[in-house]
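Just so we're aligned: the sequence shown equals residues 2 to 372 in the numbering used here.
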Amino acid sequence: MPLSAVKPEQYEELLAAKVTRVSKLLAPFDAPPAAVYPSPVTGFRMRAEFRLWHDGDNLDYVMFRREDPKTPVPIRDFPIACETIQRLMPALLDAVKPNQQLRRKLFQVEFLATLAGESLLTLVYHRKLDEDWDAAAEQLRCALAPLCSGVSIIGRSRRQKRILGRDWVWEELDIDGRSYRYQQYEQAFTQPNARVNIDMIRWACRQAAALDGDLLELYCGNGNFTLPLAAEFTRVVATELAKVSVRAARENMRENGVDNIQIIRLAAEEVTQAMNREREFRRLADLPKPLHEYDLRTVFVDPPRAGLDAHTVQMVKRFDSIIYISCNPDTLAENLAVLDATHRVEQFALFDQFPYTDHMECGVLLRRRTG
Numbered sequence: 002m003p004l005s006a007v008k009p010e011q012y013e014e015l016l017a018a019k020v021t022r023v024s025k026l027l028a029p030f031d032a033p034p035a036a037v038y039p040s041p042v043t044g045f046r047m048r049a050e051f052r053l054w055h056d057g058d059n060l061d062y063v064m065f066r067r068e069d070p071k072t073p074v075p076i077r078d079f080p081i082a083c084e085t086i087q088r089l090m091p092a093l094l095d096a097v098k099p100n101q102q103l104r105r106k107l108f109q110v111e112f113l114a115t116l117a118g119e120s121l122l123t124l125v126y127h128r129k130l131d132e133d134w135d136a137a138a139e140q141l142r143c144a145l146a147p148l149c150s151g152v153s154i155i156g157r158s159r160r161q162k163r164i165l166g167r168d169w170v171w172e173e174l175d176i177d178g179r180s181y182r183y184q185q186y187e188q189a190f191t192q193p194n195a196r197v198n199i200d201m202i203r204w205a206c207r208q209a210a211a212l213d214g215d216l217l218e219l220y221c222g223n224g225n226f227t228l229p230l231a232a233e234f235t236r237v238v239a240t241e242l243a244k245v246s247v248r249a250a251r252e253n254m255r256e257n258g259v260d261n262i263q264i265i266r267l268a269a270e271e272v273t274q275a276m277n278r279e280r281e282f283r284r285l286a287d288l289p290k291p292l293h294e295y296d297l298r299t300v301f302v303d304p305p306r307a308g309l310d311a312h313t314v315q316m317v318k319r320f321d322s323i324i325y326i327s328c329n330p331d332t333l334a335e336n337l338a339v340l341d342a343t344h345r346v347e348q349f350a351l352f353d354q355f356p357y358t359d360h361m362e363c364g365v366l367l368r369r370r371t372g
């Protein structure tokens with residue numbers, strides 16, 4: 002997204018245009034009017050990534066225009082980043098410029114911050130890092146510490162990862178009066194717009210409040226939705242393929258004292274095979290009872306942009322209720338074209354995770370048709 006597109010004074014107009022477009026896309030499925038959840042107009046991104054451009058003694062954060070990918074555009078101000086990242090950006094650059102241990106062959110910086118005030122900075126190099134770099138990075142960490150409640154620094158280069166502090170940060174989200182703590186790992190997926198993420202979780206929990214039985218969740222990540230949703234169901238079986246996300250989800254369960262979740266490392270396609278009893282997976286032996294003995298009446302899905310594959314769409318049709326969070330309205334519409342034969346869209350929500358872009362996050366609650 003070019004920064005020239007960031008026009009807070011036009012936010013309402015831009016949001017309305019996206020709402021109209023997505024509502025028209027889902028109109029064939031008789032979706033009710035969308036509940037719309039706007040974003041803060043600035044300071045909403047909790048992640049940012051920049052190339053570093055070296056020009057003599059100068060050092061700048063840069064981005065590149067899609068139509069001109071070879072010409073760097075210096076970033077002097079990044080208003081869409083959260084306040085913590087905005088504070089850290091100039092301080093980091095000022096500290097790195099005169100320090101050859103930190104500056105030499107540094108080509109990328111990644112920021113991860115949380116509403117809890119913690120931050121993690123990843124410095125990526127085209128050279129091997131050593132103990133001298135560690136010492137310089139630790140001095141940098143101490144210098145940046147007053148700008149946030151906790152800062153860690155990671156140095157990365159080919160086959161290297163050096164950690165000063167931790168390779169994760171704490172996030173705290175208030176969901177309907179309860180605070181949930183999440184470990185968010187470096188380079189693992191997290192929702193980039195924390196305020197809108199809270200709206201998404203609250204909306205999903207409200208849909209689940211009227212449901213009962215057990216929940217199956219696909220693509221559970223670090224437990225972002227899983228932990229609050231667990232309060233609405235007897236038991237939860239949550240699945241995720243990425244190892245670091247599975248580890249984070251289990252740690253987050255322990256941290257929050259949630260004990261009715263079983264997290265299994267399976268891909269969505271493997272879950273479909275397990276549900277259809279086409280394959281046996283040794284990983285399912287960790288469940289306290291066989292998968293088919295759970296009272297699974299609801300499925301929660303938050304798939305990648307490609308949406309649900311054809312086999313998974315057929316599998317979720319067996320559930321009475323489907324809570325579907327989508328980051329791509331077009332693939333959501335493709336999936337709904339199949340699900341519409343057995344389920345109706347009962348609730349519909351739009352979440353503006355990515356202001357000033359064409360992207361829109363969607364939420365739908367589908368219930369099985371009767372009669």
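Ideal Cβ placement from N, Cα and C applies to all residues, glycine included.
Owing to the predicted nature of the structure, the values given are computational and were not obtained by experimental measurement.
{"Item": "Closest Cα partner of Asp303 within the set Leu292, Arg370, Ala205, Phe320", "Value": "Ala205"}
{"Item": "For Gln188, three-class secondary structure by DSSP", "Value": "coil"}
{"Item": "Bridge-paired residues (DSSP) for Ile176", "Value": "Arg179"}
{"Item": "Bridge partners - Cys363, DSSP secondary structure assignment", "Value": "Ser327, Leu351"}
{"Item": "Alpha-carbon spacing of Pro291 relative to Ala17, whole angstroms", "Value": "47 angstroms"}
{"Item": "Sequence ranges, beta strand (DSSP E) only - wholly within the segment 230-265, length at least 3", "Value": "237-241"}
{"Item": "Cys143 burial status per 10 Å Cβ neighbour count (16 or more: buried)", "Value": "exposed"}
{"Item": "Assigned secondary structure, Asp296 (DSSP; H/G/I helix, E/B strand, else coil)", "Value": "coil"}
{"Item": "Separation of Ala136 from Lys129, as counted between CA atoms", "Value": "15 angstroms"}
{"Item": "Proximity of Val23 and Leu351 at Cβ, strictly below 8 angstroms", "Value": "yes"}
{"Item": "Residue span of the alpha helix (DSSP H) that contains Ala144, given as start and end", "Value": "132-145"}
{"Item": "Cβ-based burial, Gly156 [other Cβ within 10 Å; buried from 16]", "Value": "buried"}
{"Item": "Spatial neighbours of Gly166 in its chain, beta-carbon cut-off 6 angstroms, leaving aside the 5 residues before and after", "Value": "Ser153"}
{"Item": "Minimum C-alpha distance to Asp287 - residue among Ala250, Arg319, Ile264", "Value": "Ile264"}
{"Item": "Selected residue, minimal CA-CA separation from Met254, among Gln208, Lys244, Tyr183", "Value": "Tyr183"}
{"Item": "Buried or exposed (CB count within 10 angstroms, at least 16 for buried), Glu84", "Value": "exposed"}
{"Item": "Nonlocal neighbours in the same chain, by C-beta distance under 8 angstroms from Val170, ignoring five residues either side", "Value": "Leu113, Ala114, Thr115, Ala117, Glu119, Ser120, Leu121, Gly151, Ser153, Gln184, Gln185"}
{"Item": "Buried or exposed (CB count within 10 angstroms, at least 16 for buried), Glu187", "Value": "buried"}
{"Item": "Nearest residue (CA-CA) to Val272, options Val300, Asp69, Arg251, Ala334", "Value": "Val300"}
{"Item": "Chain-order list of residues whose beta-carbon lies under 6 angstroms from that of Thr235 (same chain, five-residue window excluded)", "Value": "Asp215"}
{"Item": "Contact check, Leu53 vs Val7, beta carbons under 8 angstroms", "Value": "no"}
{"Item": "First through last residue of the beta strand (DSSP E) which encompasses Thr115", "Value": "That residue, Thr115, is in no beta strand (DSSP E); it is neither H nor E in DSSP."}
{"Item": "Alpha carbon of Leu285 to alpha carbon of Leu228, nearest angstrom", "Value": "20 angstroms"}
{"Item": "Straight-line Cα distance separating Phe226 from Ala36", "Value": "19 angstroms"}
{"Item": "Helix, strand or coil at His312 according to DSSP, with G and I counted as helix", "Value": "helix"}
{"Item": "First and last residue of the uninterrupted beta strand (DSSP E) at Pro73", "Value": "69-75"}
{"Item": "Where Ile81 falls: helix, strand or coil (DSSP)", "Value": "coil"}
{"Item": "Coil, strand or helix - Tyr38 by DSSP", "Value": "strand"}
{"Item": "Closest residue to His293 among Ala311, Asn277, Phe79 (Cα-Cα distance)", "Value": "Asn277"}
{"Item": "Among Tyr12, Glu10, Ala28, nearest to Arg345 - alpha-carbon criterion", "Value": "Ala28"}
{"Item": "For Val23, the first and last residue of its enclosing alpha helix (DSSP H)", "Value": "12-27"}
{"Item": "Reduced DSSP category for Val339 - H, G, I as helix; E, B as strand; rest coil", "Value": "helix"}
{"Item": "Where the beta strand (DSSP E) through Arg157 begins and ends", "Value": "151-158"}
{"Item": "Residues sharing a beta bridge with Ser322, DSSP", "Value": "Thr299, Arg368"}
{"Item": "Member of Leu309, Ile76, Asp58, Gln87 whose CA lies at the smallest distance from the CA of Asn100", "Value": "Asp58"}
{"Item": "Test item: CB-CB of Val245 and Ala195 under 8 angstroms", "Value": "no"}
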